[in-house]
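Residue numbers (my numbering), protein chains in the order written: chain A, 52 to 398; chain B, 83 to 393.
Dropping the structure here:
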């Protein structure tokens with residue numbers, strides 16, 4: 052879209068000079084938000100203490116952070132894998148919800164199967180449904196050249212109605228006040244790593260997937276084709292890479308990540324489909340993806356940092372009545388300041 | 083369907099058209115200079131939130147609209163500054179501003195109103211029948227018995243068309259989006275044109291947002307825009323970045339909107355969720371068929387750096 056590709060790799064400098072813009076961006080974002088908080092009459096220091104240390108100062112907070120970390124890594128990958136090929140998936144929300152729907156359907160319909168079969172089946176259903184939800188825009192791009200940014204976004208709004216239908220008409224939980232499905236079978240629940248407070252084993256799956264994606268994009272020739280297409284599609288085509296098919300593949304892979312996020316949320320966290328379970332994973336995933344500049348080794352670390360902030364945000368709302376959106380603004384500002392640092396570096 | 087019903091339907095379509103027109107024209111204005119904004123949804127939400135609060139506190143809808151315009155202008159200024167002066171990627175900047183708007187709208191509303199059981203309300207805008215013209219049978223009811231937003235959107239479509247295609251300023255502005263280097267060499271101030279278009283465009287987009295609480299609901303709720311900002315981008319694309327075709331497209335979008343809502347009442351056993359997906363599915367279909375004949379400003383989404391050798 053512009054002369055600076057999002058995924059371009061910077062010349063390797065020392066670690067400090069690479070980290071410096073990020074540190075400055077975080078400080079600047081907190082400073083800007085601090086002024087806003089101070090003007091609004093809040094205790095700024097206490098607020099920041101809550102945001103930064105809630106997740107690290109208690110066992111419960113730390114496990115909450117890990118639970119947030121799982122879907123954040125996957126929605127970030129849903130954005131970054133296509134962005135390697137210079138395609139933009141803004142539809143991880145819908146892909147997550149469809150993945151959750153697939154997992155719920157399998158978990159309810161085949162509730163009697165033994166865990167060893169049922170859990171992989173649920174996850175697979177999520178991956179397929181999420182991938183399918185991305186296949187629609189990918190096919191529109193392949194066949195008609197439709198801009199994928201808009202079509203992936205529109206698929207989100209369709210998915211809201213799909214899960215509303217599933218949660219109110221097909222498997223409605225009559226006891227819940229909010230559109231929710233009945234619970235999946237116990238055999239479909241992911242085993243717990245820690246029982247109290249519960250931490251499910253989805254985090255292991257996520258770390259493996261993140262490592263595999265890193266290996267795929269950075270160490271395989273198939274992954275290199277993706278990167279080559281992203282940096283110069285014309286040149287890649289001349290070299291004999293079928294770029295149009297590659298765009299489809301990249302988008303569907305991204306959708307599969309979103310679908311897996313939904314399936315893990317269902318089998319590990321909620322054990323049912325709940326309207327609104329997509330939370331703000333879509334924008335956060337994009338922020339994480341953009342902050343890591345498509346570097347797949349960095350994504351888990353950035354995602355963990357954002358998860359810390361998010362857990363701090365809910366604590367902030369509970370204890371100081373500051374709306375959670377405040378931290379979201381901090382995160383968006385960090386993104387803007389990191390982007391700004393590019394400009395400063397160029398000068 | 084009887085005749086009364088059709089008139090009522092047409093009247094509603096012209097009302098539902100308003101946010102699409104404003105947001106579409108705003109997107110178009112910025113796009114004509116080559117700026118591609120994707121923050122519509124965030125700008126509209128902020129316009130709706132801040133505009134509503136302005137109207138609520140002063141008991142004056144006009145003040146509400148003004149505050150929304152100012153808020154939108156600030157977003158436009160930020161977008162122009164980041165992309166034109168700092169040369170940052172337009173798409174990423176747009177996304178970042180979308181996130182800021184998304185969060186800011188809810189944050190400000192929550193901080194200002196707090197937790198209440200009953201939502202704060204403003205009286206929604208009344209109809210303003212135009213004397214004489216509204217007496218014309220059929221047409222008068224549909225076109226001239228509406229609120230002031232509807233008249234404004236019609237006037238604005240015409241005014242923008244005249245400005246862009248019948249004045250030299252408009253020609254200069256459009257030339258920036260077609261070829262900024264050529265425009266620059268002719269002495270046209272590319273940066274100033276882009277700042278002007280971004281600020282003006284974002285103001286219009288923000289007005290599309292404030293329409294929703296002030297005319298439809300009387301209050302602000304999270305996600306009040308329901309994706310209209312994104313639909314406006316699609317509308318602008320298949321409206322070929324021209325005011326008059328955007329107007330026709332907005333009518334179509336509004337008709338689908340109204341039809342989806344009406345069909346829920348008449349039902350026919352179709353689950354309402356499927357009817358509510360219609361605007362989005364219709365948009366996808368239109369993008370398929372519209373992609374054949376759309377004309378996009380050549381430098382849409384690309385920054386112009388006059389110090390660079392090749393653009």
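Even for Gly, the Cβ is constructed at its ideal location relative to N, Cα and C.
Between residue 126 (chain B) and the set B:85, B:87, B:172 and B:188, the nearest pair of CA atoms involves B:188.
The DSSP-derived three-state label of residue 323 (chain A) is coil. In this structure residue 232 (chain B) does not touch residue 296 (chain B) by the C-beta definition: roughly 13 Å separates them, more than the 8 Å allowed. Residue contact with chain A for residue 265 (chain B): absent (no Cβ-Cβ distance below 9 Å to any residue of chain A). Closest in C-alpha terms to residue 345 (chain B), from the list B:134, B:360, B:115 and B:284, comes B:360. At least one C-beta of chain A is nearer than 9 Å to the C-beta of residue 362 (chain B). Between residue 314 (chain B) and residue 122 (chain B), the C-beta gap is smaller than 9 Å, which places the two residues in contact. Residues of the stretch 186 to 212 of chain B with a C-beta less than 8 Å from any C-beta of chain A: 186, 188, 189, 192 and 193, listed in chain order. Counting only residues of its own chain and dropping the five nearest sequence neighbours on each side, residue 241 (chain A) has a CB closer than 6 Å to the CB of 251, 252, 253, 318 and 319. Separation of residue 351 (chain B) and residue 155 (chain A) (C-alpha to C-alpha, rounded to the nearest whole angstrom) is 26 Å. Any Cβ of chain A closer than 9 Å to the Cβ of residue 303 (chain B) would place that residue at the interface, and such an atom is absent.
In this structure, residue 145 (chain A) sits away from residue 190 (chain A), with a CB-CB distance that is not shorter than 9 Å. DSSP lists A:251 as the beta-bridge partner residues of residue 243 (chain A). Per the C-alpha coordinates, the member of A:351, A:386, A:247 and A:364 positioned closest to residue 257 (chain A) is A:351. Rounded to the nearest whole angstrom, the CA to CA distance from residue 148 (chain A) to residue 159 (chain A) is 16 Å.
Judged by their CB atoms, residue 135 (chain A) and residue 301 (chain A) are nearer to each other than the 9 Å cut-off. Shown here for residue 395 (chain A): same chain residues with a beta carbon closer than 8 Å to its own, the five before and five after excluded, namely 72 in chain order.
Taking 8 Å as the upper bound for CB-CB distance, residue 236 (chain A) and residue 162 (chain A) are in contact here, some 3 Å apart. Following the DSSP letters along the chain, one finds residue 223 (chain B) inside the alpha helix (DSSP H) bounded by residues 221 to 225. According to DSSP, residue pairing for residue 109 (chain B) in a beta bridge does not occur. Residues are counted here when their Cβ sits less than 8 Å from a Cβ of chain A; for the stretch 157 to 175 of chain B these are 164, 168, 169, 170, 171, 172, 173, 174 and 175, given in chain order. Chain order gives no chain B residues near residue 100 (chain A), where near means a beta carbon separation below 8 Å; the closest approach is about 20 Å. Three or more Cβ pairs closer than 8 Å define a contact, and the stretch 320 to 328 of chain B meets that threshold against the stretch 95 to 109 of chain B. Distance from the CA atom of residue 167 (chain A) to the CA atom of residue 153 (chain A), rounded to whole angstroms, is 18 Å. In this structure residue 329 (chain A) is buried. Its beta-carbon is surrounded by 16 or more other beta-carbon atoms within 10 angstroms.
Contiguous alpha helix (DSSP H) elements confined to the stretch 338 to 383 of chain B occur at 354 to 358 and 360 to 372, taking only those with 4 or more residues.
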